[in-house]
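There are 2 protein chains.
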Amino acid sequence: MKLLDISEVSKQTGVAASAIRHYEEKGLITSLGRRGLKRLFNAEVLDQLALITLGKTAGFALDDIGKMFGPDGRPALSRSSLHLKADDLDRQIDRLSALRDMIRHVADCPAPTHMECPKFQQLIRISNRRKRGREEKKRVPERNNP
Amino acid sequence: MKLLDISEVSKQTGVAASAIRHYEEKGLITSLGRRGLKRLFNAEVLDQLALITLGKTAGFALDDIGKMFGPDGRPALSRSSLHLKADDLDRQIDRLSALRDMIRHVADCPAPTHMECPKFQQLIRISNRRKRGREEKKRVPERNNP
DNA sequence: TATTGACCTCAAGTCGACTTGAATTGTTAC
DNA sequence: GTAACAATTCAAGTCGACTTGAGGTCAATA
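Sequence lines, in order, name chains A and B.
Take the first sequence: its position 133, counting from 1, is numbered 133 in full-length UniProt numbering, and each next residue is one higher.
Take the second sequence: its position 74, counting from 1, is numbered 74 in full-length UniProt numbering, and each next residue is one higher.
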């Protein structure tokens, strides 16, 4: 089992060394030990970093990611909370698809302003409908609105 | 055409009044005028805010959103940049799907640590393959790695 | 007409996720 | 043995997207 130093890990994953240290500090990954000052990593960390990067692009906070795929390899979340997260992702995927369709529409539609285009308005309605399918997290407006 | 004040807009969209002001300041929306100090909005702003919220959940920066769906109703981006954004979204959707599958797997797999589970490793490989399909934005690591 | 309450502006603060910089330490090459 | 060099620590800084707070203003009610 070959050990990697931080620059090797950084090179292979594209994650900055400072970020790797940051993840270790937050407990998302662990180093196997040190040679002198220098951290040594197991090759497993490459997959873990890929997972962290993926989770980040999905919009999860580092703490969440740590709970889903901790360095110990077992989630700190119940099956049901994991399923809730997966369901969130399904809805997020729906929203992204809607947005993608709208962007393609805007790119191609000859109407002067897209808000006037019936097709575009329909796309908005579709995405509103999807949103209402299940609310995930309510914004709390300022306290001057009830 | 009924005019709405900021609290009405906030109530109907779930967007905080301070955020609405912020979007106006950044030029993502416009108010039609004032009654005294108070902003008055056209109902159109409700759709625009829905669009902004959607763009945000997709991970776009406010400036990007403004360029795609400005208050004037016509994009400040070329067709081709819009198509690039749509293509980005397609890839993002793929990544989210991969992550969702992994989370569901983690939720249900009885293996002690998922990194050891062959199915999980396969899911990681799949998502790596997808990632390599097209690079969108390279991280620039610290300058201590070449 | 005086008060109230919602809304206003502007500056400063917050939060997460890093990055940057300065000073230090250990390993390796000469 | 000493100079280079890569990594280290720790504190402070940055960035985007708001939020918060203090103090001000106006239209509508009592």
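Where a beta carbon is used, it is the ideal one built from N, C-alpha and C, also for glycine.
*Interface partners of B:H114 on chain A, CB under 7 Å*: G73
*Report the option in A:S31, A:D5, A:I126 and A:A19 whose CA atom is closest to the CA atom of A:D72.*
A:S31
*Leaving out the 5 sequence neighbours to the left and right, which residues in its chain are closer than 8 Å to A:I65 when beta-carbon positions are compared?*
L28, L51, I52, G55 and K56
*Nearest CA to the CA of B:K38: which residue from B:P75, B:R104 and B:E8?*
B:E8
*asked:* Taking only three categories from DSSP, how would you classify A:F60?
replied: coil
_What does the alpha-carbon distance come out to for the pair A:D5 and A:F41?_
6 Å
*asked:* Taking the alpha-carbon of A:R129 as reference, which of A:R79, A:R95, A:G33 and A:H22 has the nearest alpha-carbon?
replied: A:R95
*For B:D43, go through chain A and note every residue whose CB falls closer than 7 Å to its CB, in chain order.*
Checking the sequence shown, residue 43 of chain B turns out to be Ala, not Asp. Neighbours of B:A43 on chain A: none; closest Cβ ~11 Å, over 7 Å.
*A:G55 versus chain B: which residues are under 7 Å apart at the beta carbon?*
L99
*So who's on the other strand from A:L40, going by DSSP bridges?*
A:D5 and A:G33
*Which chain B residues sit within Cβ distance under 9 Å of A:H22?*
Residues of chain B passing the Cβ test: none, with the nearest at roughly 12 Å.
*Whole angstroms is fine: what's the gap from B:S10's alpha carbon to A:R104's?*
29 Å
*From this set, A:F60, A:I20, A:S127 and A:R34, which residue's C-alpha is nearest A:K85's C-alpha?*
A:F60
*Within the same chain, show all residues whose beta-carbon is closer than 7 Å to that of B:C117, passing over the 5 residues directly before and after it, in chain order.*
C109 and A111
*May I ask which residues mark the beginning and end of the alpha helix (DSSP H) holding B:L84?*
R79 to D108
*Straight-line CA distance for A:L77 to A:Q92?*
20 Å
*Give the DSSP-derived three-state secondary structure of A:V15 in the structure shown.*
coil
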